[in-house]
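Visitor: Here it is: the structure, laid out below.
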Amino acid sequence: MPRFSEKIDCLKDAAKNRAEYAEIAQFFISVYSFVENSGENIGIKFKADSSKFSEKNREGLVLIEPADIEIEKDNLIKFVDGIIKTCAESGKAGIDELSKLSDVLPTQDIDFKAIFAAILKRDRKVIEEFSAKYELSSPLVEYIFEIPLKAALENFVDKITDNQETAEWHNSFCPVCGSRAGMSELSATEDGKRYLVCSSCNYKWSFKRLQCPYCGNEESANLFYFTAGEDPSIRVDGCKKCSRYIKTRDNRVGNADIPLDIVDILTIHLDLLASKEGLERGK
Ligand SMILES: [Zn+2]
Ligand SMILES: [Zn+2]
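As structure tokens, this is what we get:
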């Protein structure tokens with residue numbers, strides 16, 4: 014599992030070599046540097062027992078359930094404050110809204126566990142109620158709170174010792190945390206075998222080569238893909254049935270050593286093209 018320092022190195026290369034991605038790469042370098050320096054002090058822990066991974070998967074259950082989330086409030090507020098400062102310095106979001114969120118966190122009685130459980134369950138209601146209560150924009154709140162959740166999940170995944178192949182897991186959602194696939198890849202060493210990569214914890218599991226991970230469509234006539242620009246290793250896999258897409262890296266073609274969440278950041282041009290084609294990103 015790529016550590017944050019590896020991601021930072023890849024972003025530094027991109028900032029140097031690709032002018033159009035320099036600004037966004039710099040922003041994520043700041044975010045990942047802060048996460049790297051925070052180590053285990055994120056303020057979110059999971060009491061799930063990773064030695065039960067295979068056993069739970071065989072029963073069709075994901076390893077981490079929302080009830081497993083544990084909050085260390087002081088660490089969490091400190092972490093989120095650091096992320097808010099990083100975003101404010103980059104000028105990527107409104108300073109006023111960010112400072113309002115920073116003021117709210119330590120002074121109000123916030124049910125952080127409910128917020129993170131809602132993000133894991135893709136239940137937008139809790140975030141929308143929180144945002145409305147403090148007059149904040151809900152996409153900004155969700156964006157900020159996703160960073161500690163993802164970082165804590167990634168730290169958790171790193172320590173899973175029950176390294177099963179998830180051979181019995183055929184679902185399109187993550188066997189660790191239940192989130193949707195964010196990216197996919199085709200293996201260079203297993204004849205193009207397909208893997209999905211979790212949008213929250215970065216765990217990777219095998220999945221059918223010809224199936225839409227969002228609606229389950231398996232009719233090849235309704236599945237298509239396209240590449241764009243100079244890099245044929247990253248493509249958009251689309252589905253005519255649900256009009257959703259997933260970005261896929263073909264490791265046989267190239268770029269296999271770059272962490273997929275970094276590939277995601279550095280291929281926004283493909284998201285723009287997909288959107289022009291009337292496709293929506295599956296998440
Ligand atoms: Zn996951
Ligand atoms: Zn579909």
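Taken in order, the sequence shown gives residues 14 to 296; the numbers are from my numbering. Quick reminder that beta carbons are idealized off the backbone N, C-alpha and C, glycines included.
Where does Arg135 fall in DSSP's three states?
Guide: For the purposes of this step, residue 135 is taken as residue 122 along the sequence shown, with counting starting at 1. In this structure, Arg135 counts as coil in the three-state DSSP scheme.
Visitor: Going by the CB atoms, is the gap between Ile278 and Ile21 shorter than 8 angstroms?
Guide: What you label residue 21 is simply residue 8 of the sequence shown in a count that begins at 1. What you label residue 278 is simply residue 265 of the sequence shown in a count that begins at 1. Not a contact, by the Cβ cut-off of 8 angstroms.
Visitor: Of the residues Phe47, Asn88, Phe40, Ile173, which one's Cα is nearest the Cα of Ser63?
Guide: What you label residue 63 is simply residue 50 of the sequence shown in a count that begins at 1. The shortest Cα separation from Ser63 among Phe47, Asn88, Phe40, Ile173 belongs to Ile173.
Visitor: Applying the 10 Å Cβ sphere with the 16-neighbour rule, what's the burial state of Glu110?
Guide: In the sequence shown, counting from the first residue as 1, residue 110 sits at position 97. It is buried - the Cβ of Glu110 has at least 16 other Cβ atoms within 10 Å.
Visitor: Asn30 to Val276, Cα distance in whole Å?
Guide: Within the sequence shown, numbered from 1, the residue matching residue 30 stands at position 17. Within the sequence shown, numbered from 1, the residue matching residue 276 stands at position 263. Distance between the alpha carbons of Asn30 and Val276: 14 angstroms.
Visitor: Skipping 5 residues on each side, what residues in its chain have a beta carbon closer than 6 angstroms to that of Lys126?
Guide: As a working note, residue 126 is residue 113 in the sequence shown. Correct list, in chain order: Ile82, Ile84.
Visitor: Please work out which residues of its chain come closer than 7 angstroms, Cβ to Cβ, to Glu19, disregarding the five sequence neighbours upstream and downstream, and give them in chain order.
Guide: Counting from one through the sequence shown, the residue named residue 19 turns up at place 6. Contacts found: Pro272.
Visitor: Buried or exposed: Phe17, going by 16 or more other Cβ atoms within 10 Å of its Cβ?
Guide: By one-based count along the sequence shown, residue 17 stands at place 4. That one is buried.
Visitor: Rounded to whole angstroms, what is the Cα-Cα separation between Lys134 and Asp171?
Guide: Counting from 1 along the sequence shown, the entry for residue 134 is found at position 121. Counting from 1 along the sequence shown, the entry for residue 171 is found at position 158. Lys134 and Asp171 have their C-alpha atoms some 22 angstroms from each other.
Visitor: Our contact map puts Phe220 next to Arg207 with C-beta atoms below 8 angstroms; I'd like the distance itself, whole angstroms only.
Guide: Sequence index remark: in the sequence shown, residue 220 carries index 207 (1-based). Sequence index remark: in the sequence shown, residue 207 carries index 194 (1-based). Yes, they are in contact, since the Cβ atoms of Phe220 and Arg207 sit about 5 angstroms apart, within 8 angstroms.
Visitor: Any residue with its Cβ nearer than 6 angstroms to a heavy atom of ligand 1 should be included. What is that list in chain order?
Guide: Chain-ordered list of matching residues: Cys187, Val189, Cys190, Ser192, Cys211, Ser213, Cys214, Tyr216.
Visitor: Apply the 10 Å Cβ neighbour rule to Pro226 and answer buried if 16 or more other Cβ atoms are within range, or exposed otherwise.
Guide: Within the sequence shown, residue 226 is the residue found at index 213, counting from 1. Its Cβ being crowded by 16 or more others within 10 Å, Pro226 is buried.
Visitor: Taking the runs of the alpha helix (DSSP H) that are 4 residues or longer, which of them lie wholly in the stretch 26-93?
Guide: 35-51, 66-71
Visitor: In whole angstroms, give me the CA-to-CA distance for Val154 and Lys138.
Guide: As a first step, residue 154 must be located in the sequence shown, where it is residue number 141. As a first step, residue 138 must be located in the sequence shown, where it is residue number 125. Their Cα atoms are separated by approximately 12 angstroms.
Visitor: Check whether the stretch 94-108 touches the stretch 70-80, counting contact only when three or more Cβ pairs, one atom from each stretch, lie closer than 8 angstroms.
Guide: no
Visitor: Compute the Euclidean distance between the alpha carbons of Pro245 and Val266, then round it to the nearest angstrom.
Guide: The residue given as residue 245 occupies position 232 in the sequence shown. The residue given as residue 266 occupies position 253 in the sequence shown. If you take the alpha carbons of Pro245 and Val266, they lie about 7 angstroms apart.
Visitor: What residues are listed by DSSP as bridge partners for Ser288?
Guide: Taking the sequence shown and counting its residues from 1, the one referred to as residue 288 is at position 275. The partner list for Ser288 (beta bridge, DSSP) is empty, contrary to what the question assumes.
Visitor: Measuring from the CB of Lys296, is there a heavy atom of ligand 2 at a distance below 7 angstroms?
Guide: The residue labelled residue 296 in the question sits at position 283 within the sequence shown. No, since every heavy atom of ligand 2 falls outside the 7 angstroms radius drawn around the Cβ of Lys296.
Visitor: Going along the chain, which residues of its own chain have a beta-carbon closer than 8 angstroms to the beta-carbon of Lys7, five neighbours each way excluded?
Guide: Residue 7 is absent from the structure shown; the chain starts at 14 and stops at 296.
Visitor: Please report how far the alpha carbon of Asn235 lies from the alpha carbon of Ile281, in whole angstroms.
Guide: Looking up residue 235 in the sequence shown gives position 222. Looking up residue 281 in the sequence shown gives position 268. Those two C-alpha atoms are separated by around 24 angstroms.
Visitor: In or out: Ala188 buried (at least 16 other Cβ within 10 Å) or exposed?
Guide: As a first step, residue 188 is located in the sequence shown; it is residue number 175 there, counting from the start. According to the sequence displayed, residue 188 carries Pro and not Ala. Per the 10 Å Cβ criterion, buried.
Visitor: Give the single residue among Ser233, Ala80, Asp136, Met196 whose Cα lies nearest to the Cα of Asn264.
Guide: The residue you call residue 264 lines up with position 251 of the sequence shown. Of Ser233, Ala80, Asp136, Met196, the residue nearest in Cα terms is Met196.
Visitor: Pick helix, strand or coil for Lys198, following the three-state DSSP scheme.
Guide: Numbered from its first residue, the sequence shown carries residue 198 at position 185. First, the amino acid is wrong: residue 198 is Glu here, not Lys. Of the three classes helix, strand and coil, the one that applies to Glu198 here is strand, per DSSP.
Visitor: With H, G and I counted as helix, E and B as strand and the rest as coil, what does DSSP make of Ser103?
Guide: Residue 103 sits at position 90 when you count from the first residue of the sequence shown. Here Ser103 sits in helix by DSSP.
Visitor: So, under 8 angstroms CB-CB, Gly251 and Leu292 are touching, yes? Tell me the CB distance rounded to an integer number of Å.
Guide: The count along the sequence shown starts at 1 and reaches residue 251 at position 238. The count along the sequence shown starts at 1 and reaches residue 292 at position 279. Right, their Cβ atoms sit about 5 angstroms apart.
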